[in-house]
Structures are given as structure tokens and as C-alpha cells.
Amino acid sequence: MQNLDIRLKESSSISIASYAGILIAATITSLWLGSLIWCFTIDISSLQIFGLIPVILIRTFLHTGLFITAHDAMHGTISKNRKINEGIGTVVSAFYALLPYQDLLANHRLHHRAPATNRDPDFYDREPQSIRAWYFHFMKSYLSGKQSWILLIGMSIVFYSLLFGFQVPLANVLLFWLLPLLLSSWQLFYFGIYLPHREPSAGYTNRHRATSLNCSSVWSFLSCYHFGYHWEHHEYPDVPWYGLAAVRKSLD
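For the sequence shown, the UniProt record's numbering begins at 1 and goes up steadily by one.
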């Protein structure tokens, strides 16, 4: 009877965790879409620079959240149902930048199998390890071949549909859709790739060839959804982004 109670508790916790993942993914996606629609209606001329910057930063943060959600889908942590998990991953990857989820998944598996090596598509192994060169290498690995054409044609269709189909002002499209996308790509690269996987002066000291930001959980969340707790992510890949701060705290 005791073993049965334990199994029932475990089953219940798994179910709750699964629903939590779906709810959080849906919340991020809804906030991203709702804020985008609202921002398209803003009269920019009525905003001063100090009012405009926070809106752009919030839009950037939510845009980054789309990729973080896709990343959780790659690790199967949104839902225990594989179809739901991959379905959400496919949708948010497309919302982020018309990215193909299955290609992202294949690249990310390579990253975890051989992090910070020449087999890692996210790693820049040339010297000197310039941050700008690494960023362009990182972007190129996700935008090469047919994906570059999908992005060019797809983004053009979306861009002109917004301008001429929905009559969204050009400035609104640039400031609240394209600029957050570019800033988000840098945010993901800097906090999720460059800082954690650049080689320390004393060399790599663990099998993940990764380090973590030494910061509070609040700053970790604001910087990039706890992606800066990167060693913890590699060590515990089945923990969703919102659980990494607890993992970090338990290890201190």
C-alpha cells in the first residue's frame, strides 16, 4: 500500500509538472503575441525615448522567451506527451524567426554531445576567439543553406503583409518586431553560448566545458531565463528553465 501511495504521488507530481510546462509556455507565447499586436497600434510620435526603450526591452525579453520555450521542448520538459511537446516547439520556433524545429533539435543534440568542441555547431574554435566572429558563426550555423532562403522569403512575406495588408506603420514593425528579434539573438548568444562556453584562462575544468554566471536568481531570470546557470543545465538537462534556479541553490 505504501509503494502504491508513492507511485500515485509521483504520477501526480509528473502530471502537475507537465501542466505547468504547458501553462508557462502558453503564457510566454500569449504575452509575446498580445504585446506585439498592442505595439503595432502604438502612436510612436506620442512616446518619448524613455517610454520607448522599456517597451523594446520587454518585447526583446518576450521574444527570447519564445526560443527558451523551444529549447525546453527540445529537452522534452514542456509536456510528457511527445506530440504536444514537439507541437509547441514547432510553433514557437516559427514565431521566433521561422526556424525549423527539427533542425534546431538536431543542432542542439550535437551541442550537448560535444560542447565547446569542433563538433559543436554553437562553438567557435578559431583563434582569436573574437566575440563578434563567434556571434556571426553562431548565426550562420542556424541560417545556412535552405534556411537562409526560408528566412528571407518568409520574413519578406510577413514584413510586407504587416505593412500593406494590416497597415502597420513601418516604424512599429522595425522597433517592435525586427529590433527585438535582433536583440534577442544577441541575448541568447551572449548569456547562453559565449559566457558559459568561452574557455577560461585556466582551461576547461568539467566535462560540460561550461561555467555558470555567479549572480542572483533574479538577475539570472532577467538576463536570459536562467540560461546563465549553464553548467546546471548541462548537468541536469531534464530540468526546465524555471527549475534551474532551485538546482543552483541546492548546489551552493
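Note that CB positions come from ideal geometry on N, CA and C, so glycine has one too.
Outcome for residue i when other beta-carbon atoms lying within 10 angstroms are tallied against a minimum of 16
i: T41; result: exposed
i: T205; result: exposed
i: I193; result: buried
i: E232; result: buried
i: L175; result: buried
i: P128; result: exposed
i: I53; result: exposed
i: L195; result: buried
i: D252; result: exposed
i: S130; result: exposed
i: N214; result: exposed
i: S93; result: buried
i: A73; result: buried
i: L66; result: buried
i: residue 253; result: Given that the chain is displayed from residue 1 to residue 252, the structure contains no residue 253 and the question cannot be resolved.
i: W32; result: buried
Close beta carbons around residue i, own chain, < 6 Å, minus the five adjacent residues each side
i: R109; result: none
i: W186; result: none
i: R248; result: Y229 and E232
i: L183; result: T60
i: I88; result: A25, A73 and I78
i: Y101; result: G89, T90 and S93
Contacting residues, own chain, Cβ-Cβ under 8 Å from residue i (five flanking each side not counted)
i: S141; result: N107, P121 and D122
i: V91; result: T29
Close beta carbons around residue i, own chain, < 7 Å, minus the five adjacent residues each side
i: N85; result: A73, G76, I78 and S79
i: H137; result: Y124
i: S11; result: Any reading at S11 needs caution, since the residue's pLDDT is 37, under 50, leaving its predicted position unreliable; the model's value is listed next. Answer for S11: no residue qualifies.
i: W134; result: Y124 and Y194
i: P240; result: G21, D72 and T77
i: Q48; result: none
**Request:** Mind the definition here: the stretch 196-207 touches the stretch 144-164 only if three or more C-beta pairs lie below 8 Å; say whether that holds.
**Result:** no
**Asked** Using 8 Å as the threshold, is the stretch 157-167 in touch with the stretch 216-228, meaning 3 or more CB pairs across them?
**Response** no
**Asked** Is the stretch 173-186 touching the stretch 102-116 in the sense that three or more CB pairs, one from each, lie closer than 8 Å?
**Response** These segments do not touch.
**Request:** Output the residue ranges of the alpha helix (DSSP H) runs that lie fully inside the UniProt domain "Fatty acid desaturase" (149-249) and measure 4 residues or longer, sorted by chain position.
**Result:** 170-173, 179-189, 217-224 and 230-235
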